[in-house]
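Trainee: With the sequence shown counted from 1, adding 15 to any position gets you the numbering used here. All C-beta atoms in this analysis are idealised placements derived from N, C-alpha and C, irrespective of residue type, glycine included. As the structure is a computational prediction, the values presented were derived from the model and not from experiment.
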Amino acid sequence: MTQHGPILDTRALTSQLRAVGFAGEIETDHALRAAMSTDNSVYTITPDLIVAPRDAADLVRFLQVMALPQWSGVPLTARGGGTGTNGQSLNRGVILDLRRHMHHLLAVNRDEAWADVEPGVVLDDLNERLRPEGLFFAPETSTSSRCTIGGMVSTDASGKGSRAYGKTSDNILALEIATPAGLLASDAPAPGWAAAMLASAEAAARSGREAFIANTPRLNRRFTGYDLERACPPGGGFDWWRLFLGAEGTLGPVTRIRVKLRRIEAEKRLLVVGFDTFRNALAAARPLLQVEPTAVEVMDETVQEIAAKACLLAKLPSPLQSPEGRPLAYAFIEFNGDDAATLASRVSACRALLAGLAGAKAIHEARDLAEIRQLWSIRSAAVGLLAKVDGAARPVAFVEDCVVPPENLPAFVDEFLAVLKANGLGFGIYGHVDVGCLHIRPALNIDAAADRAKLVAVSDAVFALTRKHGGIFWGEHGKGMRGAYLRDWIGEEAYRALKGVKAAFDPAGRYNPGKLVGPQGEIMGIATTPFRSFNAPEGDALAKAFRCNGNAQCLSYAAATPMCPSFKATADLRHSPKGRADALRAWHRAYATQSVTPGMEADLVSALDGCLGCKACASSCPVQVDVPTMRSAFLADYYRRHRRPLADRLVLAAERLSPLALRAAPLLAPVWPIAARLGEALTHTTALPRRLSGRPSRGLRLARGNLPPNAVVLVDDWFTALFDADLRGDAVAGFAALGYAPRILRLRPSGKAALNLGDMRGFGVMARALIQDLQAVADKGIPLVGLDPALVMVLRQDYPKQGLHPPRVLLPQEFLVEEIAKGRALPKACRTGAARLLSHCTETTGLPGAAQMWSEVFAAIGLHLETPASGCCGMAGLFGHQKRHQEVSRKLFDLSWRDHVQGALPIAATGFSCRCQTERLGGKPARHPLAIIAEALRNG
16 MTQHGPILDT RALTSQLRAV GFAGEIETDH ALRAAMSTDN SVYTITPDLI VAPRDAADLV
76 RFLQVMALPQ WSGVPLTARG GGTGTNGQSL NRGVILDLRR HMHHLLAVNR DEAWADVEPG
136 VVLDDLNERL RPEGLFFAPE TSTSSRCTIG GMVSTDASGK GSRAYGKTSD NILALEIATP
196 AGLLASDAPA PGWAAAMLAS AEAAARSGRE AFIANTPRLN RRFTGYDLER ACPPGGGFDW
256 WRLFLGAEGT LGPVTRIRVK LRRIEAEKRL LVVGFDTFRN ALAAARPLLQ VEPTAVEVMD
316 ETVQEIAAKA CLLAKLPSPL QSPEGRPLAY AFIEFNGDDA ATLASRVSAC RALLAGLAGA
376 KAIHEARDLA EIRQLWSIRS AAVGLLAKVD GAARPVAFVE DCVVPPENLP AFVDEFLAVL
436 KANGLGFGIY GHVDVGCLHI RPALNIDAAA DRAKLVAVSD AVFALTRKHG GIFWGEHGKG
496 MRGAYLRDWI GEEAYRALKG VKAAFDPAGR YNPGKLVGPQ GEIMGIATTP FRSFNAPEGD
556 ALAKAFRCNG NAQCLSYAAA TPMCPSFKAT ADLRHSPKGR ADALRAWHRA YATQSVTPGM
616 EADLVSALDG CLGCKACASS CPVQVDVPTM RSAFLADYYR RHRRPLADRL VLAAERLSPL
676 ALRAAPLLAP VWPIAARLGE ALTHTTALPR RLSGRPSRGL RLARGNLPPN AVVLVDDWFT
736 ALFDADLRGD AVAGFAALGY APRILRLRPS GKAALNLGDM RGFGVMARAL IQDLQAVADK
796 GIPLVGLDPA LVMVLRQDYP KQGLHPPRVL LPQEFLVEEI AKGRALPKAC RTGAARLLSH
856 CTETTGLPGA AQMWSEVFAA IGLHLETPAS GCCGMAGLFG HQKRHQEVSR KLFDLSWRDH
916 VQGALPIAAT GFSCRCQTER LGGKPARHPL AIIAEALRNG
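(1) Could you give the residue range of the alpha helix (DSSP H) that holds G889?
(2) Taking DSSP's pairing of strands, which residues face H447 in a bridge?
(3) Name the residue from P921, P940, C845, T933 whose alpha carbon lies nearest to the alpha carbon of L952.
(4) Taking 8 Å as the threshold (C-beta atoms), are V477 and V434 in contact?
(5) Let me make sure I understand the geometry here. Which of R115, G176, K275 has the alpha-carbon closest to that of T156?
(6) Go to R366, then tell me how far its alpha helix (DSSP H) extends in each direction, as first and last residue.
(7) I'd like to confirm the pairing. Which residues does DSSP put opposite Q897 in its beta bridges?
(8) Roughly how many angstroms separate the alpha carbons of P580 and A567, rounded to a whole number?
(9) Would you kindly work out how many angstroms separate the C-alpha atoms of T170 and G88, rounded to a whole number?
(10) Measure the Cβ-Cβ separation of Q932 and G861 and say whether it is below 8 Å.
(11) Straight-line CA distance for L715 to D794?
(12) From the DSSP output, in three-state form, read off A951 for me.
(13) Can you tell which of V306, A617, H590 has its C-alpha closest to the C-alpha of W602?
(14) Just to confirm before moving on: does the CB-CB distance between F350 and R394 stay below 8 Å?
(15) If contact is defined by three or more beta carbon pairs under 8 Å, each pair taking one atom from either stretch, is the segment 505-524 in contact with the segment 111-119?
(16) Once DSSP output is grouped into helix, strand and coil, what is the label at R271?
(17) For E155, which residues does DSSP report across the bridge?
(18) Please list the terminal residues of the continuous beta strand (DSSP E) segment that includes F350.
(19) G197 by DSSP, collapsed to three states: which one?
(20) Relative to the C-alpha of F152, which candidate in K403, P674, D139, S160 has its C-alpha closest?
(21) Tell me which same chain residues have a C-beta within less than 7 Å of the C-beta of M16, skipping the five on either side of it?
(22) I'd like to know whether the C-beta atoms of I279 and G149 end up nearer to each other than 8 Å.
(23) Taking only runs that begin and end inside the segment 213-238, name each unbroken alpha helix (DSSP H) of 4 or more residues, in chain order.
(24) Tell me whether R394 sits in a helix, a strand or coil according to DSSP, three-state version.
(25) Around the C-beta of D327, are 16 or more other C-beta atoms found within 10 angstroms, so that it is buried, or is it exposed?
(26) Based on the DSSP output, what are the partners of G801 in its beta bridges?
(27) Answer with buried or exposed for A246, where buried requires no fewer than 16 other C-beta atoms within 10 angstroms of its C-beta.
(28) Tell me which residue opens and which closes the beta strand (DSSP E) that R13 is part of.
(29) For T292, collect the residues of the same chain with a Cβ closer than 8 Å to its Cβ; drop the 5 residues on either side in sequence, then sort them by chain order.
(30) DSSP three-state label for T17, please.
(31) Taking one C-beta from the segment 735-746 and one from the segment 810-826 each time, how about it: are there three or more such pairs within less than 8 Å?
(32) Could you check which residue in G889, R284, R758, N235 has the C-alpha nearest to that of L384?
(33) Would you kindly report the start and end of the unbroken beta strand (DSSP E) that includes E148?
(34) Let me check understanding here. Comparing Cα to Cα, which of V728, G694, V727, F738 lies closest to R706?
(35) Suppose the cutoff is 6 Å on Cβ atoms and the five residues either side in sequence are ignored; what does the same chain contact list for D466 look like?
(36) Pull up the DSSP beta-bridge partners for K376, would you.
See below:
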């Protein structure tokens, strides 16, 4: 269905909104609109305007203006985390971004076990804030690191443990909504203006209540959204707010949610069981309910194999890691409780039961909370990893949350798989078998008309199967475009009542129009809504932008996780890997049809400019949506058609001429402070280093004889060589103290700056020269060690993507850990000591064990090293020096580094940028770990 409405005069609307004091953002940015045009579904609808209100009062001001006649036909759709799998928050008109600012925990009542939250608060963030109170909000989704409570209310989300804890709707106590007339709260007396609206809604709800009950199965994953049954209790009264639970924003925006909290149970156990076949894992679910687990979830062999290839199973004991190369199916069985003895008894009973079940090959029991979280993360990550399969067809979420009574599940699955087989479709399966909910994602190529036809055929067939087996077509992830089935599902009488409810709260039919209930029956369909592009032409430099499936792991709220720094600092979707991928994909389509506008390109350049280049997306994203690499490709094309800014040209020249500058350092050092200030003015930067390395280290001349057998060649980048002379000295001293003969390779810039700015020719020239020098050392059998993580990772990650293959260059800790593993004994410090290490974010994501390696090295010499989890420091090379990025740079440092640099412990930081940022914003010097090692051994 195509939504029609007035052309939106955004200038006039913005003027009116500002006139009434609206304080939030009002944006038409092409990149942001592209980012808001998709979710985790196969659909795309580009909105006209994005509005981000500051709070509930701000939202009311917005709605008051939108109620004026000239705006009355403009669609209004609230959006939270955008993780919906069925296009729930996609629409034209205005998207209300409630995550950006409305993410506060408003109140907590510990005694009565409830909390009031704004709709944009993220689930994991909420539970992290509640943990000190010993409380938690129970519904647990696989997207808990980025889904919002408002979105969970909108779709009535659920997940692991719902058999015990219920769905979101079972854990909500009250709501507050915004209307043009003001705020309406269910836990306060209704204002007079709301009387007629509520009376009309109640009359409609009661008229269809009996028909609604007759057509909804009695299941744990019960049908919600316009819940006529619970809104009209048998004993009288009208709980109008229950109509909003699962209504997907079609009745209006929610501004406050009172959530029911539960006490955190003291004891937790998790059994991971490997079954020889998925069929046996599925058959185990029903008997397992006898031992009262909190949750039982399964993964089939396909998902297990994908997780194994992604190295997610490394922490499992070997019998659970595909013995002899044969894939396993997994069952995850969790037990929670407050009494350890009772829990132990339940676990023992479960083990005894498993011993008699067919196909149970191995069992691993986890008791440590950290390990339990890690094991559950395998199941959570599998959702995103399903999209990583090769080829044009990828698993798609469109019939993946059906629920049937658990006793009907085997027969339902058999018939479901027969439908897929008849359509020639492969699939992966995981889900919550304890409540009869399996996620089955058939693999489709949405670009192909034949596969889009299969999407419709399979949807129709599975819809019929759920009805046949007494189930629900949409048991967990909401309806969205699948709302087209709602009228047939609920029956004409109940559907008329739903339309009456819609008319009471939304008489103009403007809230998320085309979803669930339409005033004239006009509903978006699963085949009539535009599909997003699935694949780029083979070999296209922007192919990864098309691989992004909207799973949105990059939108994680947690400051300690490296991905994605710019989104963490701004909460702005265009400044995320997902948002940038959407914007690149939109530009790519426009470019192919010669419809690119200057405004579109300018907005895309701005969105890409906010990327810190940390490369976390290249490794942490399930499908490796590598934004920095795509940025390089885009900028290379862009600057073939546009003149480069002076600042970029100066940076490129500085990198290219850095060897000459290093040789001239003794002459340049006295005048460098003046030159730095001039450079800041020309490049619009701040806080550039005021000290130039005054005496360059002698480069290694490879033609001069043989090196000692314990030689190690140190490689540094141009920025470090020019501005951090201490590092070279510290590295030499550190390796010498450890018993090595360090030599420093003559400076050759890696071309990293050129690559980042899309100067591919300049990058290639510098990269090939560096590879030649590196290869000459490697050919002599001498180990190469890179001093700065950014340099090592550009060699390891970026060079191969450009068809270049340098010899192996190790991080210092990698080299030393390998040496220890070979039996080398490192010298011991005579006195004990400790330090705290803060790792470079590119290093952390490119080599997840990097910090632990430093701990092993420190332990080997008798020192203790703390390695707290930290995100990006906010410097990222030149990013933190550029004036336009100061707010983001400082916010990132405050988010994840400031607390760690406090205290008496010496701070170690592996990255030059990180050491600069720590001193600049933290007021505390940070040293390279090799400097601390050298000092400890020297003092010893």
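Mentor: Concretely, from the data shown:
(1) One-based indexing of the sequence shown puts residue 889 at position 874. Per DSSP, G889 belongs to no alpha helix (DSSP H) and is neither H nor E.
(2) Here residue 447 corresponds to residue number 432 of the sequence shown, with the count starting at 1. Beta-bridge partners of H447 (DSSP): E312, C452.
(3) Within the sequence shown, residue 952 is the residue found at index 937, counting from 1. Among P921, P940, C845, T933, the Cα nearest to that of L952 belongs to C845.
(4) Here residue 434 refers to the residue found at position 419 when the sequence shown is read from its first residue. Here residue 477 refers to the residue found at position 462 when the sequence shown is read from its first residue. Taking 8 Å as the Cβ cut-off, V434 and V477 qualify as a contacting pair.
(5) The residue labelled residue 156 in the question sits at position 141 within the sequence shown. Nearest C-alpha to T156: G176.
(6) Mapped onto the sequence shown, residue 366 falls at position 351. DSSP places R366 inside the alpha helix (DSSP H), whose first and last residues are 355-370.
(7) Along the sequence shown, one-based indexing puts residue 897 at 882. In the DSSP output, where bridge partners are listed per residue, Q897 has T700.
(8) Here residue 580 refers to the residue found at position 565 of the sequence shown. Here residue 567 refers to the residue found at position 552 of the sequence shown. A567 has its alpha-carbon roughly 14 Å from the corresponding atom of P580.
(9) Taking the first residue of the sequence shown as position 1, residue 170 is located at position 155. Taking the first residue of the sequence shown as position 1, residue 88 is located at position 73. Taking the straight line joining both Cα atoms gives about 25 Å.
(10) As a working note, residue 932 is residue 917 in the sequence shown. As a working note, residue 861 is residue 846 in the sequence shown. Contact: no.
(11) Working through the sequence shown from its first residue, we reach residue 715 at position 700. Working through the sequence shown from its first residue, we reach residue 794 at position 779. Caution applies to L715, whose pLDDT of 46 falls short of 50 and renders its modelled position unreliable; the value that the coordinates give is listed next. Going from the Cα of L715 to the Cα of D794 covers about 15 Å.
(12) What you label residue 951 is simply residue 936 of the sequence shown in a count that begins at 1. Helix.
(13) Here the question's residue 602 lines up with position 587 in the sequence shown. Of V306, A617, H590, the residue nearest in Cα terms is A617.
(14) Working through the sequence shown from its first residue, we reach residue 350 at position 335. Working through the sequence shown from its first residue, we reach residue 394 at position 379. Between F350 and R394, the C-beta gap is not smaller than 8 Å, which leaves the two residues out of contact.
(15) Taking a cut-off of 8 Å on C-beta distances, the segment 111-119 does not touch the segment 505-524, as fewer than three cross pairs fall below it.
(16) Numbered from its first residue, the sequence shown carries residue 271 at position 256. R271: strand per DSSP, three-state reduction.
(17) As a working note, residue 155 is residue 140 in the sequence shown. Under DSSP, E155 shares a beta bridge with K175.
(18) Taking the sequence shown and counting its residues from 1, the one referred to as residue 350 is at position 335. Where F350 is concerned, the enclosing beta strand (DSSP E) stretches over 344-352.
(19) For the purposes of this step, residue 197 is taken as the residue at position 182 of the sequence shown. The three-state reading of DSSP puts G197 in strand, counting E and B together.
(20) Residue mapping note: residue 152 aligns to position 137 of the sequence shown, counting from 1. Here the closest residue by C-alpha is D139.
(21) Residue numbering aside, residue 16 sits at position 1 when the sequence shown is read from its first letter. Low local confidence applies: a pLDDT of 39 at M16 is under 50, so the model's placement there is unreliable, with the coordinate-based value given in what follows. Excluding five sequence positions before and after M16, the CB atoms of its chain that fall closer than 7 Å to its own CB belong to G529, E537, I538, M539, G540, T543, given in chain order.
(22) As a first step, residue 279 must be located in the sequence shown, where it is residue number 264. As a first step, residue 149 must be located in the sequence shown, where it is residue number 134. Less than 8 Å divides the Cβ of I279 from the Cβ of G149.
(23) Counting whole runs of 4 or more residues, the segment 213-238 contains no alpha helix (DSSP H) stretch at all.
(24) Position 379 of the sequence shown, counted from the start, is the residue given in the question as residue 394. Note: R394 maps to helix in three-state DSSP.
(25) For the purposes of this step, residue 327 is taken as the residue at position 312 of the sequence shown. The sequence given here places Leu at residue 327; Asp does not occur at that position. Label assigned to L327: buried.
(26) What you label residue 801 is simply residue 786 of the sequence shown in a count that begins at 1. DSSP output for G801 lists V730 as bridge partner(s).
(27) Locating residue 246 in the sequence shown gives position 231, where the first residue counts as 1. A residue is called buried once 16 or more other Cβ atoms fall within 10 Å of its Cβ, and A246 is buried on that count.
(28) No information on residue 13 is available, as it lies outside the stretch 16 to 955 that the chain covers here.
(29) Translated into positions along the sequence shown, residue 292 becomes position 277. For T292, the CB contacts under 8 Å within the same chain, skipping 5 residues up- and downstream, are E316, A344, G374 in chain order.
(30) As a position in the sequence shown, residue 17 is number 2, starting the count at 1. Caution is warranted here: a pLDDT of 39 is assigned to T17, below 50, making its placement in the model unreliable, and no coordinate value can be reported.
(31) Flag = no, the segment 735-746 and the segment 810-826 do not touch.
(32) Position 369 of the sequence shown holds residue 384. Taking only the C-alpha atoms, the option nearest L384 is R284.
(33) Residue 148 sits at position 133 when you count from the first residue of the sequence shown. Run containing E148: none; DSSP gives neither H nor E here.
(34) By one-based count along the sequence shown, residue 706 stands at place 691. The shortest C-alpha to C-alpha distance from R706 to any of V728, G694, V727, F738 is the one to F738.
(35) As a working note, residue 466 is residue 451 in the sequence shown. Answer for D466: L459, N460, listed in chain order.
(36) Your numbering for residue 376 matches position 361 in the sequence shown. Its beta-bridge partners do not exist; DSSP assigns none.
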